[in-house]
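Colleague: Below are the structure tokens for one structure; questions will follow.
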């Protein structure tokens with residue numbers, strides 16, 4: 006009975022009004038993404054207020070590490086979720102089961118290998134990422150715990166994506182909200198009561214994700230579900246792996262590039278502004294990331310709808326969900342822009358009481374969020390091409406902002422403008438990437454409109 010209900014929910018992706026579907030899928034994803042961003046912010050607040058300003062800088066040094074881990078995880082997680090959506094649109098339920106099993110096995114393998122290798126070379130990697138003698142101890146203490154629980158983190162995020170693709174966005178939302186609530190409760194307990202400092206924040210994060218992961222496993226163990234764990238789906242299949250990785254190359258490249266970019270940002274900030282400038286970037290990044298995660302929630306809501314309707318050749322519905330998503334994302338980033346330009350002091354003060362750090366962060370937030378209204382549609386379009394399996398275009402759009410535009414600007418501007426040049430490179434690259442993305446999108450819109458007419 007439940008399997009029939011799940012099929013109905015999946016078939017709704019091709020029949021229910023697109024606007025209602027986007028709200029239905031995006032609302033839980035937005036809540037989940039905001040919750041995910043909030044527990045990162047909560048960690049930073051507790052670390053900044055309870056450990057000190059240099060601990061904020063040490064935490065910021067770990068951003069490339071988190072991006073790198075996210076790159077590996079997203080390659081499989083997003084690739085599997087997108088591939089799963091397309092197969093559900095084609096009503097190929099047997100293949101969907103195989104995708105579920107293969108993605109879980111791949112997550113376990115990559116999670117263990119990544120965590121083990123990084124632990125072996127942790128200090129050299131952190132120094133390469135921009136750590137100094139003042140911040141290395143904080144970054145090391147945090148990442149040791151995070152890497153020990155890396156496999157749980159990969160599985161948690163991966164299964165959340167599969168839940169959304171399997172028409173269970175609310176369950177994915179519940180899992181993320183649970184991690185936030187538990188993490189928020191454990192942070193002060195471990196940091197203050199048990200006097201564990203920054204290690205306590207990392208332990209709270211891992212334990213929260215581990216607990217949510219156990220609940221996700223329980224959900225997928227129900228034989229009455231359309232997609233569930235069972236014998237015969239765990240043997241790795243070359244074709245499935247190739248399709249997952251082909252689609253997942255876009256988020257892999259995007260996150261890997263983000264890792265490289267943050268390394269350049271951190272080293273440039275240390276050189277031109279000192280350790281506190283790195284901490285200020287950590288604060289500015291957390292604030293901006295909150296709004297970007299809302300856009301990611303919209304993207305995650307759009308992904309199964311766009312992927313299903315592309316697979317079902319319902320191109321009119323596919324275009325409508327793209328347009329609605331772009332409008333919503335742009336409105337969100339306008340709100341972010343207003344917050345960044347009008348209330349940067351209040352944002353920085355949440356994380357620290359150190360006057361020098363607040364001053365640097367205040368200026369950084371204003372510059373970083375200067376062109377935020379342009380980012381919304383650019384992010385949606387990039388995700389849209391990924392959602393319909395156009396991995397090469399999505400990869401190019403991901404790379405263009407970070408590697409083709411931002412990286413050269415990070416090399417050129419700081420020697421001329423000092424620390425302000427590091428900050429200015431961010432909105433400048435946003436503007437160029439926005440123009441390039443829309444040039445490509447306009448060309449493809451003509452093709453999709455022709456397909457709509459043919460259908």
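Numbering (the working numbering), first residue to last: 6 to 460. Even glycine gets a Cβ: it sits at the ideal position worked out from N, Cα and C. Here the structure is a predicted model, which means the values were calculated and not measured.
Would you check whether the ligand MG has a heavy atom nearer than 7 Å to the C-beta of residue 364?
Modeller: By its list of ligands, the structure shown contains no ligand whatsoever, and the ligand MG lies outside what it can speak to.
Colleague: Extract the residue ranges of the beta strand (DSSP E) inside the stretch 200 to 287, only unbroken runs of 3 or more that lie entirely within it.
Modeller: none
Colleague: Compute the Euclidean distance between the alpha carbons of residue 443 and residue 158, then round it to the nearest angstrom.
Modeller: Position 438 of the chain shown, counting from 1, holds the residue named residue 443. Position 153 of the chain shown, counting from 1, holds the residue named residue 158. Roughly 35 Å between the two C-alpha positions.
Colleague: What's the gap between the Cα of residue 1 and the Cα of residue 326?
Modeller: The structure shown has nothing for residue 1, since the chain only spans 6 to 460.
Colleague: Indicate the three-state DSSP secondary structure (helix, strand or coil) for residue 139 in the structure shown.
Modeller: What you label residue 139 is simply residue 134 of the chain shown in a count that begins at 1. Residue 139: coil per DSSP, three-state reduction.
Colleague: Beta-carbon within less than 6 Å of residue 464's beta-carbon, same chain only, minus the 5 sequence neighbours each way: which residues are those?
Modeller: Not covered by the structure: residue 464. The range shown for the chain is 6 to 460.
Colleague: If residue 374 sits next to residue 284, beta carbons under 8 Å apart, how far is it from one beta carbon to the other, in whole angstroms?
Modeller: Stepping through the chain shown from its first residue, residue 374 is reached at position 369. Stepping through the chain shown from its first residue, residue 284 is reached at position 279. Wrong, their Cβ atoms sit about 18 Å apart, outside the cutoff.
Colleague: Of the choices 281, 35 and 47, whose alpha-carbon is the least far from that of residue 196?
Modeller: Here residue 196 corresponds to residue number 191 of the chain shown, with the count starting at 1. Among 281, 35 and 47, the Cα nearest to that of residue 196 is on 47.
Colleague: Return yes when the Cβ of residue 211 is within less than 8 Å of the Cβ of residue 4, no when it is not.
Modeller: Absent from the model: residue 4. The displayed extent of the chain is 6 to 460, so no value can be given.
Colleague: Using three-state DSSP, classify residue 22 as helix, strand or coil.
Modeller: What you label residue 22 is simply residue 17 of the chain shown in a count that begins at 1. Looking at residue 22 - three-state DSSP - the assignment turns out to be coil, as it is neither helix nor strand.
Colleague: Measuring CB to CB, does residue 160 end up less than 8 Å from residue 144?
Modeller: Within the chain shown, the letter at position 155 stands for residue 160. Within the chain shown, the letter at position 139 stands for residue 144. Taking 8 Å as the cut-off, the beta carbon of residue 160 is found no closer than this to the beta carbon of residue 144.
Colleague: Just how far apart, CA to CA, sit residue 440 and residue 70?
Modeller: Mapped onto the chain shown, residue 440 falls at position 435. Mapped onto the chain shown, residue 70 falls at position 65. If you take the alpha carbons of residue 440 and residue 70, they lie about 30 Å apart.
Colleague: Measuring straight from C-alpha to C-alpha, what distance separates residue 435 and residue 277?
Modeller: Translated into positions along the chain shown, residue 435 becomes position 430. Translated into positions along the chain shown, residue 277 becomes position 272. Residue 435 and residue 277: Cα-Cα distance of roughly 22 Å.
Colleague: Kindly list the residues whose CB is nearer than 6 Å to the CB of residue 396, restricted to its own chain and excluding five residues on each side of it in sequence; keep chain order.
Modeller: What you label residue 396 is simply residue 391 of the chain shown in a count that begins at 1. Within the same chain, residue 396 has close Cβ partners 251, 252, 254 and 255.
Colleague: So what's residue 97 in DSSP terms, helix, strand or just coil?
Modeller: Counting from 1 along the chain shown, the entry for residue 97 is found at position 92. The answer is coil: DSSP assigns residue 97 none of H, G, I, E or B.
Colleague: Whole angstroms are fine: how far does the CA of residue 34 sit from the CA of residue 223?
Modeller: By one-based count along the chain shown, residue 223 stands at place 218. By one-based count along the chain shown, residue 34 stands at place 29. C-alpha separation (whole angstroms): 20 Å.
Colleague: Just the C-alpha distance for residue 203 and residue 272, rounded to the nearest angstrom, thanks.
Modeller: Locating residue 203 in the chain shown gives position 198, where the first residue counts as 1. Locating residue 272 in the chain shown gives position 267, where the first residue counts as 1. Taking the straight line joining both Cα atoms gives about 22 Å.
Colleague: Cutting at 7 Å between CB atoms, please list the residues of its own chain near residue 366, excluding the five before and the five after it.
Modeller: In the chain shown, counting from the first residue as 1, residue 366 sits at position 361. So the qualifying residues of the chain are 285, 288, 289 and 353.
Colleague: Residue 105 to residue 214, Cα distance in whole Å?
Modeller: For this step, residue 105 is matched to residue 100 along the chain shown. For this step, residue 214 is matched to residue 209 along the chain shown. For residue 105 and residue 214, the distance between alpha carbons rounds to 20 Å.
Colleague: Mapping DSSP to helix, strand and coil, what is residue 338?
Modeller: To locate residue 338, count along the chain shown from 1; it is residue 333. Three-state DSSP puts residue 338 in a helix.
Colleague: Could you say which of 174, 334, 387 and 359 lies nearest to residue 18 if we only look at CA atoms?
Modeller: By one-based count along the chain shown, residue 18 stands at place 13. Per the Cα distances, 174.
Colleague: Would residue 49 be called buried (16 or more neighbouring beta carbons within 10 Å of its own) or exposed?
Modeller: Here the question's residue 49 lines up with position 44 in the chain shown. Buried.
Colleague: Quick one: Cα of residue 139 to Cα of residue 59, how far?
Modeller: In the chain shown, counting from the first residue as 1, residue 139 sits at position 134. In the chain shown, counting from the first residue as 1, residue 59 sits at position 54. Rounded to the nearest angstrom, the two C-alpha atoms are 7 Å apart.
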